[in-house]
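Novice: Please see the structure below; I have some questions.
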Amino acid sequence: MKLRTSLTLLVVAIVSMAVSAQSGNSGLTAAEQLQLLKTNRELIEDLLDQGTRVSDANTPLDRAAECQLSTNRLAREFRSAIDRADADRACEIGDHVEKVIVEGFVPNFETARQNSKPGSPDYERVRTLHREATLSLEKLNATLPQEGPLTKSKRFQNVREKLGLAAAKVGKPTDE
2 MKLRTSLTLL VVAIVSMAVS AQSGNSGLTA AEQLQLLKTN RELIEDLLDQ GTRVSDANTP
62 LDRAAECQLS TNRLAREFRS AIDRADADRA CEIGDHVEKV IVEGFVPNFE TARQNSKPGS
122 PDYERVRTLH REATLSLEKL NATLPQEGPL TKSKRFQNVR EKLGLAAAKV GKPTDE
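Okay, here's the thing in structure tokens:
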């Protein structure tokens, strides 16, 4: 069931980005639309590859690790949209980042954490993945602009809030 959810999230993200790139009334020039299509194509290919790896993963820990890689890829695209002050793109990608974390990473990670006991082979992997996910989300949230045009967008404010809540669901690593 969790595998299906993870794959569904990736497919929805891919279709959503493809539809966004093909919107005819976006006000973008032909050159801008071509660049967006190229960017989306690269992202879609990366996410399809990542989705395949998620589906091939045999354990919740492996699926959580693959979801973390998907999150990192989407986070790079999110930061790129922020750097370009592209509010629509940042919000779209930010929503996908949050979904992959909350509906892909977190449930798989929680199952992996419950299944790994101190001294078990996966225990250190769980701890390492938790630290990496936490640091990645802290870095992402730290790069969000505090002022400027993006911060005036209600949708962007909503994405910021959702990413903060997603980070809280991942939680802070413990030093067990």
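Using the working numbering, the first residue of the sequence shown is number 2, and each one after it goes up by one. From the three backbone atoms N, C-alpha and C, an ideal C-beta is built for every residue, glycine too. These numbers were taken from a predicted model, which means no experiment stands behind them.
(1) Could you check whether residue 101 and residue 171 sit closer than 8 Å to each other, using their CB atoms as the reference points?
(2) Helix, strand or coil: which one does DSSP assign to residue 174?
(3) Rounded to whole angstroms, what's the CA-CA distance from residue 44 to residue 63? Just pull it up for me.
(4) Could you give the DSSP three-state label for residue 93: helix, strand or coil?
(5) Using the Cα positions of residue 144 and residue 96, report the straight-line distance between them to the nearest angstrom.
(6) Which residue from 153, 129, 157 puts its Cα closest to that of residue 94?
(7) Buried or exposed: where does residue 26 fall if 16 or more other Cβ atoms within 10 Å of its Cβ makes it buried?
(8) Hey, quick one: how far does the alpha helix (DSSP H) through residue 45 stretch, first residue to last?
(9) For residue 144, which of helix, strand or coil comes out of DSSP?
(10) Let me confirm a value: residue 91 is counted as buried when at least 16 other C-beta atoms fall within 10 Å, else exposed. Which label applies?
(11) Cutting at 6 Å between CB atoms, please list the residues of its own chain near residue 61, excluding the five before and the five after it.
(12) In the DSSP assignment, find the alpha helix (DSSP H) that holds residue 71 and state where it starts and stops.
(13) To the nearest whole angstrom, what separates the beta carbons of residue 76 and residue 98, a pair I think is in contact under 8 Å?
Specialist: Working from what's here:
(1) no
(2) coil
(3) 22 Å
(4) helix
(5) 16 Å
(6) 157
(7) At residue 26, the pLDDT of 46 sits below 50, so the modelled position is not reliable; the number obtained from the coordinates is stated separately. So residue 26 counts as exposed.
(8) 31–57
(9) coil
(10) buried
(11) 109, 112, 113
(12) 61–84
(13) 6 Å
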